Amino acid sequence: MTDPTMRDPILSIKGLTKRFGALAAVDDVFLDFASGETHAIIGPNGAGKTTLINLLSGDLPPTTGTIHLLDRDVTALAPDRKSQLGIGRTYQKTNIFPDETCFQNCWLAAQSRLPSSMRFFRRAHRRADIRAATERALALCNLDARADVIAGHLSYGEQRQLEIGMTLATDPKILLLDEPLAGMSAEESVRTMALLTSLAENLTLILIEHDMDMVFAFAQTITVMVNGQVLETGTPAQIRASAAVRDAYLGHGPTEQGATP
Amino acid sequence: MDISFFLIQALNGVQYGFLLFLVASGLTLIFGIMGVINLAHGSFYMIGAYLAYWLTGLTGSLLLAILLGLPLAVLTGLAIERFAISHLYTRDHLYQVLLTYGLILIFNEMQSILWGNDLYGVAIPEMLTGSIRLTETQSYPVYRLFVSLVCILVALGMLLTIQKTRLGMMIRAGASNREMTQILGLNIKQLYAIVFGAGAGLAAFAGMMAAPIEAVYPGMGEGILITSFVVVVIGGIGSIKGAFFGAMLIGLADTFGSVLVPDYSGIVIYALMALVLLWRPQGLFGQRV
Amino acid sequence: MTNLRPTRLYLLIALCIVIAVGLFPLFGEKFHILLATRIFILAIFAMSLNLLIGFTGLISFGHAAFFGAAGYILAFVAPEDGAAAFWWSAPLSIGGAALLAAGIGWMSIRTSGVYFIMITLAFAQMLYFFFNDSPYFGGSDGAFIYFKPSLAIGSFDPVNLDNRVHFYYLAAILVLVVWAFLAMLLRSPFGQVIKGLRANEPRMRALGYPTQRYKLVSFIIAGGLAGLAGYLNAAQSGYISPAHLGWQESGSVMMMVILGGMGSLHGPILGAFTFVLLHDILRDLSQHWLLLMGGVIVAIVLFLPNGLAGLFTRKRIPQRDDDHD
Amino acid sequence: MSKIKRTDHRRRRFIQGAVAGAAITAFAPSRFAIGGTAKVKVGILLPYSGTYAFLGEKITAAMKFAIAQAGGKLGGRDIEFVQLDSEAKPPKATENTNKLITGENVDFLVGPVHSGVAMAMAKIAREENVITIVPNAGANQLTGPLCAPNIFRTSFSNWQPSFPSGKVVYDDGHRNVVTMAWNYGAGKQALGGFSQGFEDAGGKIVKQILTPFPKVEFQAYLTEIAALKPDAVFVFYAGGGAIKFVKDYAASGLKDKIPLYSSGFLTEGTLKAQGAAAEGIKTTLHYSETLDNPANRIFRPAFEKATGKSADVFAVQGYDTGLLLLQAMNAVKGDTGAQKEIITAMENAVIDSPRGKWTFSAAHNPIQDFYLRQVVDGQNKVLGIAHKALSDLAKGCRMG
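Order-wise, the sequence lines are chains A, B, C and D. Heads up: the first sequence at position 158 corresponds to 158 in my numbering, and the numbers run straight through without jumps. Heads up: the second sequence at position 146 corresponds to 1146 in my numbering, and the numbers run straight through without jumps. Heads up: the third sequence at position 43 corresponds to 2043 in my numbering, and the numbers run straight through without jumps. Heads up: the fourth sequence at position 306 corresponds to 3306 in my numbering, and the numbers run straight through without jumps.
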């Protein structure tokens, strides 16, 4: 690494490519994510951001290229293995168990940290350690008061919080967030931002977001993607100053929301 | 065994495949576009065969029987769609399985009430009774070749409809993404009715075409139903192209299985399906779900 | 999912049922005792499938394969001139069915949705043709189990399966045992996971669960339980044929599950009971009983979306608007 | 006792059961007391839905017709028929048989069509010791290893109708033959019968082809036959498969080159649907619609007039079942409790059937003539007797 301020990369991708037929959704991407940093990925719709997240989480297998978690090659691992290694993710479209309580949602997530859940006879809810982890996650995502509410009955913002809470219950080292603020009211956005800020102290956050105000205020590193390729990576200031980014993507107003070319 | 033996067997397989395609294409359309598992599809095949028998008896002509019977079958299909299937689009596959199973029972009993439980046959139309000599001992009936020809025409017709017409555009959109169809503002209800009616019509048409070379008997729909499902699944659900290649594959595998592993030839097509699914869990031409 | 907390009314009903089942042989007619035994056996069969359909979200269309295979194992190991001991023949049949489920499951769970339905059907059909075509198992005419298994331990022989009342109680107790086993299973960590699988499999994977493994284990347990039912069935009727593995049998048990209510512990019992009685009553009612049966099935699907169990619970299963296969 | 005329089902059954129970321990007088009061219950387990429904309907109609012709009574008692749709499903056979035997307490059990159902049924019938008459199912085992004093068959064993064909084919000058049948019990046993007859005469089976049951796609096999070029082909198919096979065989041009033989089921109830394709096929069977004997001359028009159904071999089997019941019940004057006497009466019965007079073998299978028939002008024309008074081998039967 030439940049002396860069900490050791916790996650490192090299030559990562994902093709759907003739289309390369992610095209030969090289990126390092430093441990503990908050790294935002921005770009116009169709730039390949969500595909990149899906590759990192294991939801999609890459066509070529490698992903390393510290020194370990995790390129071809399935999502559950990646999750067990500490890569947690949330989804763009809320992905919770709507028929269950918030508690149960987080419980299921926390239980996944047991060495194995192939336990057939004991009542699941008797485990004190899992209960503690569940309550911690609920507290973190500010839903401890709503623990017994059926998740499907929560407001949209609360559901997004729960989504994050579930992932937190799996005790991740790296959190992949796919548009955590999408569709939220202003008030909900503020609350979620506060949550993310508190998380950023201990975790490596990698997020996709269209809200440029948020990105530039919050992220320590920003990567701009266009057409599946990395256009530029740098601090918010560097990105703002980049002529290439301005030309290709940001166009005329650097804070324009959901910029679409 | 010589080369001509294998060539004739290949012809047998392809010919069987064409007939399967006719039934399976309707099934795959309904499957892929509407997301409905229609166990009663075989019943439409049976209805077609019985209509052919009944109307040929009345009119004395298979052609007339088809012209009269096809609208009847399509109307039955539309009625079934309207009054039963349409309530299940948002429900789990299981309910479709259950409902259409109930429909099989109803259709079977209706057949028994309307036409009795005797076995019937339909005569091959006069013009097509001849046969072409292949070897010293075997000849090939013209009617079978005619059926193949009709199947090719139907396949081409479907291809053209799907590639070139507005309806085809809707079908393609529907097959790839149901939500998108709605977003595009297409009338999904109408599309579903058309697709189901067409599917039912295709199955009934297959039954009518097959009637002169098949026996017309109670329960005839069930045998072809399971085979058609195998075809659809091998080809990939919702893919007409898949149904075509699946039908060819099954036709050939079944034919050569009968010759090469005669003692266990019943297993062949199922083993083939299992192998294909293990290799490509979404079928040969299916989209990954 | 299911609310297992018993209310007082619920307990009262359960008590009444237990008493009724317990006393039934005292006043029931011979045939009705046989019929009830058959219903118990089918209830176990349906409960085993419900573990897959209702709780794990795996729609198996080939479940009769395990039911039939267990029967064939019993027929194969039972001597022609005496009774096989229950204590080893039953575990063998159940274990054999579970092993078969492990093999079929291992291959099938790679697929999902409709493809899973069809591949399980394919494996069951293969077994059907295997037993039908093979010269070693009686072919299409089937095979006999000449003597009912014996539960004797040494000279201690309290339960004689030749006595239909004894068989009745054994089957009834096994229904209870399987019910309790499933209730416990569903409250265990494993049960929580498979219920999560049914609701949203990709999410469970993202949470770090190796979902394939859980599905496979669930499939094996269900196969073993179906094996238990198949064993009892073969022991009761003394006869097994390829048709026992056919797709129509797989279809019937699926009917029972849906009829009773998927994802409800007692639903399949209710479903088996209703299905058998309905079949019996409608067949006596009219020559065209298939029409009535078909009509009832269609009506249930259209008007009782949660099955019969849904009549008793007020909770509605929310309609899904997304279509994940 | 004789005053009891309750319509209450259960009550009557209870009394009847009690009486029957008493009959085992008591002597004749108490048994006869019931005669003329309660109805004789005849349980019928036959398929009324699905592919085999037409067989079930025809057998039932003919049996009822035979009894109605004789005045509608069995041994002076009225009859109650309890009909059950077997659906031709072996998994349901046990429950169905139990329903008739233990649920309805029938005096006689008639059925089934399907061999698998017959196997399950025979097991219970043996255990419960109810007199059972099989009007169609041909599984050799029923009058072989499974034979029992209380089980009679009025139809045939699978071996029986094809065995005479062997000699017929040989005598027609054919030495190398391909055989073909559905791969199921009836098919294999039928081919077994033919092979025995043909090989005993000195012929050679070039190849035996078994096709998956109940599939009706035969093209591949026909091509194989064409390549093998045997002197003749012998097949066993029935119903829809028979229609399809005969049409396919003719359409592939094989019929003119390689003569087709079969047991008679190929052309029973299927000739109309087969049309010209069936012309000339030679078969052997225990009946033909053109059979010229007094019983048949009376039976055919009367049956067809009474029921509107065509009289074929299945109708005759049902008719003979009725005749057998009549003879046996008349012999004991309606006393259903006298099971031993009924069995003796049945064993000694001479059935004056439209198929010709026949009697039971020691294993309770008909000893009957098998006719050589040829399809001429859409009818099975009788060419002669292929085998006179043929009895089944009854392999494995340890009775009589």
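Note that beta-carbon positions come from the ideal geometry of N, C-alpha and C, so glycine has one too. Note that this is a predicted model, so its numbers are computed, not measured.
Considering only the alpha carbon of each residue, which of the options lies closest to residue i?
i         : options                                    : result
Met1046/B : Met1248/B, Ser1086/B, Ile1104/B            : Ile1104/B
Asn3129/D : Gly3072/D, Gln3141/D, Leu3109/D            : Leu3109/D
Gly1042/B : Ile1008/B, Cys1151/B, Gly1199/B, Glu1222/B : Glu1222/B
Leu2049/C : Gly2271/C, Leu2285/C, Pro2202/C, Gln2192/C : Gly2271/C
Leu1153/B : Leu1022/B, Gly1235/B, Ile1171/B, Ile1132/B : Leu1022/B
Ile3351/D : Ser3155/D, Glu3087/D, Ala3118/D            : Ser3155/D
Phe2328/C : His3364/D, Ala3118/D, Tyr3184/D, Lys3381/D : Absent from the model: residue 2328/C. The displayed extent of chain C is 2001 to 2325, so no value can be given.
Gln1009/B : Ile1237/B, Trp1054/B, Leu1029/B, Met1248/B : Met1248/B
Phe1006/B : Thr1161/B, Ser1258/B, Glu1214/B            : Ser1258/B
Ala2020/C : Phe2219/C, Ala2036/C, Gly2227/C            : Ala2036/C
Ala1173/B : Gly1102/B, Met1110/B, Gly1238/B            : Gly1238/B
Ala3061/D : Val3313/D, Phe3218/D, Thr3344/D            : Val3313/D
Classify residue i as helix, strand or coil using the three-state DSSP reduction.
i         : result
Gly3021/D : In this prediction, Gly3021/D has a pLDDT of 41, which is less than 50 and means its spatial position is unreliable; nothing more can be read from the coordinates.
Thr2007/C : coil
Pro1141/B : strand
Gly2139/C : helix
Arg2164/C : helix
Asn54/A   : helix
Pro3164/D : helix
Glu1081/B : helix
Gly3378/D : coil
Lys3395/D : coil
Leu3084/D : strand
Asp2081/C : coil
Thr2120/C : helix
Phe3027/D : For Phe3027/D, the predicted structure reports a pLDDT of 39, less than 50, and the residue's modelled location is therefore unreliable. A value from the coordinates is still provided. Looking at Phe3027/D - three-state DSSP - the assignment turns out to be coil, as it is neither helix nor strand.
Arg2252/C : Strictly speaking, residue 2252/C in this sequence is Ser, with Arg absent from that position. Of the three classes helix, strand and coil, the one that applies to Ser2252/C here is helix, per DSSP.
One question on the structure: do residue i and residue j come within less than 9 Å of each other, judged by their Cβ atoms?
i         : j         : result
Ala3068/D : Ala3306/D : yes
Leu266/A  : Ser198/A  : For residue 266/A there is no data in the structure shown, the boundaries of chain A being 1 and 261.
Leu1078/B : Phe1196/B : yes
Leu1062/B : Pro1141/B : no
Gly2263/C : Ile2269/C : no
Tyr2072/C : Phe2027/C : no
Asp27/A   : Asn227/A  : yes
Leu3142/D : Ala3122/D : yes
Gly1201/B : Ala1073/B : yes
Ala1204/B : Gly1048/B : yes
Ile3133/D : Ile3342/D : no
May I ask you to list, following chain order, the residues of the stretch 2183-2202 of chain C that have a beta carbon less than 8 Å from some beta carbon of chain A?
-> Met2184, Leu2185, Arg2187, Ser2188, Pro2189, Phe2190, Gly2191, Gln2192, Val2193, Gly2196, Ala2199, Asn2200, Pro2202
Counting Cβ pairs, one atom from each stretch, are 3 or more of them under 8 Å apart for the stretch 2300-2307 of chain C and the stretch 1088-1097 of chain B?
-> yes
Below 7 Å between beta carbons is the criterion; list the residues of the stretch 2241-2253 of chain C that meet it against any residue of chain B, in chain order.
-> Trp2247, Gly2251
Looking at chain D, which residues of the stretch 1260-1275 of chain B have a Cβ within less than 8 Å of any of its Cβ atoms?
-> Pro1262, Asp1263, Ser1265, Gly1266
Near-chain C residues of the stretch 1061-1094 of chain B (beta-carbon distance less than 8 Å), N- to C-terminal order = Ala1084, His1087, Leu1088, Thr1090, Arg1091, Asp1092, His1093, Leu1094
Against chain B: residues of the stretch 3256-3279 of chain D by CB proximity under 8 Å = Lys3257, Ile3258, Gly3269, Thr3270, Lys3272, Ala3273, Gln3274, Gly3275
Positions along the stretch 2210-2233 of chain C whose CB lies within less than 9 Å of some CB in chain A | Pro2210, Thr2211, Gln2212, Arg2213, Tyr2214, Val2217, Ile2221
Evaluate contact between the stretch 3229-3239 of chain D and the stretch 3168-3188 of chain D, counting only Cβ atoms and requiring at least three cross-stretch pairs below 8 Å.
-> yes
Between the stretch 1003-1026 of chain B and chain D, which residues of the former have CB atoms less than 8 Å from a CB of the latter, in chain order?
-> Phe1005, Ile1008, Gln1009, Asn1012, Gly1013, Gln1015, Tyr1016
Can you list, in chain order, the residues of the stretch 3088-3106 of chain D whose Cβ is nearer than 7 Å to any Cβ on chain C?
-> Lys3089, Pro3090, Pro3091, Thr3094, Glu3095, Asn3098, Lys3099, Thr3102, Gly3103
Which residues, in order along the stretch 1043-1063 of chain B, keep a beta-carbon less than 8 Å from a beta-carbon of chain D?
-> none
Which residues, taken in chain order from the stretch 2114-2127 of chain C, show a beta carbon closer than 8 Å to some beta carbon of chain B?
-> Val2114, Tyr2115, Ile2117, Met2118, Ile2119, Leu2121, Ala2122, Phe2123, Gln2125, Met2126
Are the stretch 47-58 of chain A and the stretch 95-104 of chain A in contact at 8 Å, needing three or more beta carbon pairs?
-> no
Chain-ordered residues of the stretch 1214-1234 of chain B with a beta carbon less than 8 Å from chain D = Of all residues in the stretch 1214-1234 of chain B, Glu1214, Ala1215, Val1216, Tyr1217, Pro1218, Gly1219, Met1220, Gly1223 have a Cβ within less than 8 Å of some Cβ in chain D.
Give, in chain order, every residue of the stretch 2032-2048 of chain C whose Cβ lies closer than 7 Å to some Cβ of chain B.
-> Within the stretch 2032-2048 of chain C, not one residue has a Cβ closer than 7 Å to any Cβ of chain B.
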